[in-house]
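First the structure, in the form of structure tokens, and then the observations on it.
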Amino acid sequence: MSEKNNYHNDIIIEVKENGWTVVRLNRPKSLHALDNALVLALIAVFEDIAQDDTVQAVWLDSTTAKAFCAGGDVRKLRQLIVDGEQSSAEAFFKNEYRLDLLLHNYAKPVVIWGEGYIMGGGLGLFMAAPFRLVTPSSRLAMPEINIGLYPDVGASRFLADRGSVGLFTGLTGSIMTSAGAYAIGWATHICEKKRDDVLDKLIQIKWADYPAGKFRALDDVLNSMHRPVAVGPLQNSLDTIHTVCKGVSFEKDYQAIVELDEARSDWLRQASENLQKGSVITAALTWLLWQWGKGGHSWTEVYHLESQISAWKINHPDFAEGVRARLVDKDLAPKWQPVTSLVLADIFKDQAPITTVESWNDVLKRYDII
1 MSEKNNYHND IIIEVKENGW TVVRLNRPKS LHALDNALVL ALIAVFEDIA QDDTVQAVWL
61 DSTTAKAFCA GGDVRKLRQL IVDGEQSSAE AFFKNEYRLD LLLHNYAKPV VIWGEGYIMG
121 GGLGLFMAAP FRLVTPSSRL AMPEINIGLY PDVGASRFLA DRGSVGLFTG LTGSIMTSAG
181 AYAIGWATHI CEKKRDDVLD KLIQIKWADY PAGKFRALDD VLNSMHRPVA VGPLQNSLDT
241 IHTVCKGVSF EKDYQAIVEL DEARSDWLRQ ASENLQKGSV ITAALTWLLW QWGKGGHSWT
301 EVYHLESQIS AWKINHPDFA EGVRARLVDK DLAPKWQPVT SLVLADIFKD QAPITTVESW
361 NDVLKRYDII
């Protein structure tokens, strides 16, 4: 095994035997949050690996068990907006989506060890890999409702792909256990073994024994290590989720989730609280993107649209205010932009995120927003 660290100080690369390369995120103080320099370095790493014929497969994880990646470094992004450096903030999103798209289209198998927190941009990175491993300690979410952003990094598609459950988790930012993540296909395998034990098992794969290819080999070996765990709060709440999230009316879905504030389930009550305390504009945008995402768009189309939506959303006052309240001043009392009603046309009056993507603009027209 040899180690290479010439890409970025926050990335550790280890060349293992049998054609394996290990890529490790190493920003523990920020729970391995992504910033622009780290994203660009990861792009360079994966582009180089793609051209290296000695590499058969890639293992991606972090140096700590507390988190794989807690998301993008939104505090840094907020500061860029406050300082008037919008172009730098927009560049981060474009590069982040470029990284995610690279992994979605990657020719070599990538296995991600998703231990601890996997949130926001970290979940986008996680979802881009074909093999997504979680442990009993994993906690996954798209919590953008809390900071006035919106579920991006491909969530416009991967939330829509999961129907009412995707809509509910996008609107509420609800945290999912490994059981829930596996149940809806966010995770491909649940592993109770220690990380190094799983990695060692994969490194020992004899590729020649699998004429169907490396992806099949990994699938077989990981299936043998998969261990189901007890159902989590998401599975116990499925009937309720399908009842409150019908995807026909934003106003009705919103109100139905809010009314879960007296539900027996702590998880459902927390979901209600998240939505009530979150940005209504973020919730409305999430709902609309879920509608658009049902259209079966390619990943290229998804990231193309999200680049434009993000450029609009980070300049909306709710983003800077939401990050301030949760992560800068930590008073948890954001002053969101007021809305006069829950009618979409009223929410986006004079501020709709119009893009060059006509299929998105058609959704806005469908709901009388433009």
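Under UniProt numbering, residue 370 is the last one in the sequence shown; the count climbs by one each step, no gaps.
Glycine included, each C-beta is placed from N, C-alpha and C at the ideal position.
Judged by pairs of C-beta atoms under 8 angstroms, the segment 128-147 touches the segment 183-190, as three or more such pairs exist. For Asn26 and Glu115, the gap between their C-alpha atoms comes out near 14 angstroms. For Glu115, the three-state secondary structure derived from DSSP is coil. Counting only the Cα atoms, Phe168 lies some 12 angstroms from Phe250.
Judged by beta-carbon spacing, Pro136 lies within the 7 angstroms limit of Ser178, meaning their Cβ atoms are closer than that value. Collapsing the DSSP output to three states places Trp336 in coil. Distances from the CA of Gln56 to each of Ser279, Asp83, Ile203 were compared; the closest alpha carbon is that of Ile203.
Every alpha helix (DSSP H) stretch that sits fully inside the segment 49-89 and reaches 4 residues is listed by chain position as 74-82.
DSSP places Val323 in the uninterrupted alpha helix (DSSP H) bounded by 317-323.
Straight-line spacing of the CA atoms in Asn6 and Val45 works out to 10 angstroms. Within the DSSP bridge table, the entry for Phe131 names Val111 as partners. Within the same chain, Cβ atoms closer than 6 angstroms to the Cβ of Thr64 are found at Pro28, the five residues on either side in sequence being excluded. No Cβ-Cβ contact shorter than 7 angstroms links Asp318 with Ser272. As DSSP reads the structure, Trp20 sits in a beta bridge with Ala57.
Look at Glu273 here: in three-state DSSP terms it is helix. With fewer than 16 other CB atoms across the displayed protein chains lying within 10 angstroms of its CB, Asn105 is exposed. Annotation: the continuous beta strand (DSSP E) that includes Ala141 extends over 139-141. Secondary structure at Ile314: coil, using DSSP grouped into helix, strand and coil.
With distances taken between CA atoms, Asp83 lies nearest to Ala320 out of Lys335, Gly173, Ala320.
Sorting Trp207, Gly163, Ser224, Leu285 by C-alpha distance to the C-alpha of Leu238 places Gly163 at the top.
Just so you know, the alpha carbons of Leu222 and Arg139 end up roughly 20 angstroms apart. The Cβ atoms of Leu364 and Ala352 lie closer than 7 angstroms to each other. Contact annotation: the segment 75-90 does not touch the segment 282-295, with fewer than three C-beta pairs closer than 8 angstroms. Within the same chain, Cβ atoms closer than 6 angstroms to the Cβ of Trp267 are found at Pro233, the five residues on either side in sequence being excluded. Look at Ile354 here: in three-state DSSP terms it is coil, with no helix or strand label.
Here the segment 254-262 makes no contact with the segment 194-202; the two share fewer than three CB pairs at distances below 8 angstroms. Here the alpha carbon of Ala160 sits roughly 30 angstroms from the alpha carbon of Ala333. The residues Asn36, Val39, Leu40, Ile43, in chain order, have a CB closer than 8 angstroms to that of Asn95 in the same chain once the five nearest residues on each side in sequence are set aside. By the 16-neighbour rule on beta-carbons within 10 angstroms, Thr172 is buried. In terms of Cα proximity to His304, the closest of Arg366, Asn274, Asp100 is Asp100. Taken through DSSP and simplified to helix, strand or coil, His304 comes out as helix. The Cβ-Cβ distance between Leu60 and Ile112 falls below 7 angstroms.
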